[in-house]
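Each residue of the sequence shown is one higher than the last, beginning at 1 in full-length UniProt numbering.
We put the CB at the ideal spot given by N, CA and C, even for glycine.
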Amino acid sequence: MATRLVGVRREVDSSRDKGAFILTGSTAPSEDAARHSGAGRFARLRMSTMTFAETKHSTAEAFFNGLLDGQDILLAAPDFSVLEVIERMTQGGWPAYLNLSNEDARESIIDYAADVSAVDVRTPDRTFRDSTKVSTLLRSLSRGIGTEITVSTLAADTGLSRDTVRDYLDALSRIFIHVEQPAWSAHLRSTATLRKAPKRHLADPALAVALLRATPQQILRDLGFAGQLFESQVYHDICALMGRGALISHARDSVGCKVDLVVERGDGRWALIEVKLGSSDETIEEAAASLKRFERQLDFRGYEYPPELVVITATGPSYQRKDGVHVVAFTALTQ
């Protein structure tokens with residue numbers, strides 16, 4: 001790898017052409033490759049599985065960047081049910097699985113997860129890691145997907161030591177399976193403090209479904225877990241839609257006030273987002289009140305623009321409430 005990287009670097013230096021090479025890989029560069037710096041020559045881009053908009057499970061009428069720019073969104077409810085959203089989440093966004101039946105896609109993802117546990121997790125540093133223990137940790141991460149599950153909790157749930165959990169999490173992060181959504185860092189006017197624990201996700205929420213051997217119907221009967229999966233899917237898609245220039249975090253203070261996603265664009269525009277699988281009036285009212293409550297705590301010094309307040313639902317109409325809070329259907333969302 002290092003020898004080939006040196007050759008590419010020399011060619012880039014001599015030709016000065018932009019975009020002459022696309023270098024791909026499913027793991028972070030090894031220590032050896034990292035010593036051959038690509039600084040000033042290479043731009044790193046993290047790829048992801050396909051979004052709802054890309055797989056045509058969104059009407060792609062609600063432009064998230066337009067919302068950040070202050071544009072109003074007024075759309076009728078897309079023709080998708082909550083069960084259809086759950087079915088798509090269990091299917092995943094891998095191009096090779098899109099035309100498979102839901103059952104066949106889930107079986108393929110189970111096989112993929114087995115390869116991750118047995119083979120891929122050893123790739124970053126060529127260190128042996130017990131595939132059974134890796135699978136156990138992945139299942140624990142799956143149960144806690146989209147939450148601030150801690151290393152200590154993962155250790156207690158799996159029977160592994162905290163050091164082993166940290167090592168396995170690092171290896172899974174380096175092969176882009178484990179994804180951390182960082183905690184937001186900002187100043188609050190209240191005496192409450194922001195927590196620092198990240199939320200934990202997998203590369204695609206369908207991995208969690210496959211690892212737990214769940215079906216769409218079982219998930220629909222467990223609305224708590226369905227909500228976790230949906231929040232993780234929204235995080236996955238927003239990350240892909242916003243690209244490299246955006247920072248996407250979450251916020252929770254010491255008294256329990258929280259925001260599911262904080263999206264900060266490079267030009268200073270930003271949004272506070274609550275994610276709700278349901279779209280009833282009561283659900284939206286509760287989410288909007290939570291956003292307004294969190295906004296009142298913020299110290300806006302240093303921010304050029306006020307945040308857009310957004311409730312993302314699975315289905316339903318998209319509109320702006322009288323209090324300024326946007327309600328947007330995920331099945332209408334695009335870049």
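>> Our contact map puts residue 229 next to residue 145 with C-beta atoms below 8 Å; I'd like the distance itself, whole angstroms only.
In response: Right, their Cβ atoms sit about 6 Å apart.
> How many Å lie between residue 17 and residue 48 at the Cα?
Replying inline: Rounded to whole angstroms, residue 17 and residue 48 show a C-alpha spacing of 26 Å.
>> The alpha helix (DSSP H) that contains residue 228, what's its start and end?
In response: Where residue 228 is concerned, the enclosing alpha helix (DSSP H) starts and stops at 223-242.
>> Can you give me the C-alpha to C-alpha distance between residue 254 and residue 286, rounded to a whole angstrom?
In response: Roughly 20 Å between the two C-alpha positions.
> So what's residue 64 in DSSP terms, helix, strand or just coil?
Replying inline: In the structure shown, residue 64 sits in a helix (DSSP, three-state: H, G or I).
>> On the DSSP bridge list, what partners appear for residue 250?
In response: Paired residue(s): 183.
> Starting from residue 321 and walking both ways along the beta strand (DSSP E), at which residues does that stretch end?
Replying inline: Counting along the chain, residue 321 sits inside no beta strand (DSSP E), nor does DSSP assign it H or E at all.
> Who are residue 336's beta bridge partners in DSSP?
Replying inline: In this structure the chain extends from 1 to 335, so residue 336 is not present and cannot be described.
> How would you write the range of the beta strand (DSSP E) that residue 313 sits in, first residue to last?
Replying inline: It spans 308-313 - the beta strand (DSSP E) in which residue 313 sits, taken as one unbroken run.
>> By DSSP's criteria, residue 194 is part of a beta bridge. Which residues make up the other side?
In response: Paired residue(s): 253.
>> Suppose you measure from the CA of residue 236 to the CA of residue 203; what does that come to, to the nearest Å?
In response: Each residue's Cα considered, the two are about 8 Å apart.
> Among 270, 153, 198, 143, which has the Cα closest to the Cα of residue 209?
Replying inline: Distance check between residue 209 and each of 270, 153, 198, 143 places 143 closest, using alpha-carbon atoms only.
> From residue 109 to residue 206, what does the alpha carbon distance come to, in whole angstroms?
Replying inline: If I take the Cα positions, the gap works out to 8 Å.
> What's the C-alpha gap between residue 296 and residue 262?
Replying inline: Each residue's Cα considered, the two are about 15 Å apart.
> In or out: residue 104 buried (at least 16 other Cβ within 10 Å) or exposed?
Replying inline: It counts as exposed.
>> What does the alpha-carbon distance come out to for the pair residue 319 and residue 91?
In response: Their backbone Cα atoms lie some 29 Å apart in a straight line.
>> Assuming residue 271 is part of the beta strand (DSSP E), what are its boundary residues?
In response: Annotation: the continuous beta strand (DSSP E) that includes residue 271 extends over 270-276.
> How is the alpha helix (DSSP H) around residue 104 delimited, first residue to last?
Replying inline: Looking at the DSSP string, the run of the alpha helix (DSSP H) that includes residue 104 is 102-118.
>> Quick test of your reading: residue 64 and residue 241, contact by CB under 8 Å. State the CB separation rounded to the nearest angstrom.
In response: Cβ atoms of residue 64 and residue 241 come within 8 Å of each other, at about 6 Å.
> How is the beta strand (DSSP E) around residue 56 delimited, first residue to last?
Replying inline: Membership of residue 56 in any beta strand (DSSP E) is not indicated, and neither H nor E is assigned to it by DSSP.
> Since residue 288 and residue 323 are thought to touch, with beta carbons under 8 Å apart, how far apart are those beta carbons, to the nearest angstrom?
Replying inline: Contact annotation, residue 288 with residue 323: C-beta distance approximately 7 Å; criterion of less than 8 Å satisfied.
> Can you tell me the Cα-Cα spacing of residue 220 and residue 305, whole angstroms?
Replying inline: CA-CA distance, residue 220 to residue 305, rounds to 39 Å.
> What first and last residue would you give for the alpha helix (DSSP H) that runs through residue 282?
Replying inline: According to the DSSP assignment, residue 282 belongs to the alpha helix (DSSP H) that extends over 281-296.
> Cα separation between residue 55 and residue 80?
Replying inline: Distance between the alpha carbons of residue 55 and residue 80 is about 13 Å.
> Using a Cβ-Cβ cut-off of 6 Å (strictly less than) and excluding sequence neighbours within five positions of residue 259, which residues of its own chain qualify?
Replying inline: The answer, listed in chain order, is 251, 272, 294.
> Do you know how far the Cα of residue 74 is from the Cα of residue 161?
Replying inline: Straight-line Cα distance between these residues: approximately 51 Å.
>> For residue 131, which residues in the same chain have their Cβ closer than 6 Å to its Cβ, ignoring the five residues on either side in sequence?
In response: Closer than 6 Å at Cβ, skipping near neighbours: 117, 118.
> How big is the Cα-Cα spacing for residue 7 and residue 170?
Replying inline: Roughly 29 Å separates the two Cα atoms.
> Would you report the Cα separation of residue 307 and residue 275, rounded to the nearest angstrom?
Replying inline: Looking at the two C-alpha atoms, the distance is approximately 16 Å.
> Just checking my contact of residue 182 with residue 280 at CB under 8 Å: how many whole Å lie between their CB atoms?
Replying inline: Taking C-beta atoms under 8 Å as the contact rule, residue 182 and residue 280 fail to qualify, at a distance of about 31 Å.
>> Within the continuous beta strand (DSSP E) that includes residue 263, where are the two ends?
In response: Per DSSP, residue 263 belongs to the beta strand (DSSP E) from 258-264.
> Who are the near neighbours of residue 233 in its chain, counting only those whose CB is closer than 6 Å to its CB and skipping five residues on each side?
Replying inline: Within the same chain, Cβ atoms closer than 6 Å to the Cβ of residue 233 are found at 89, 205, the five residues on either side in sequence being excluded.
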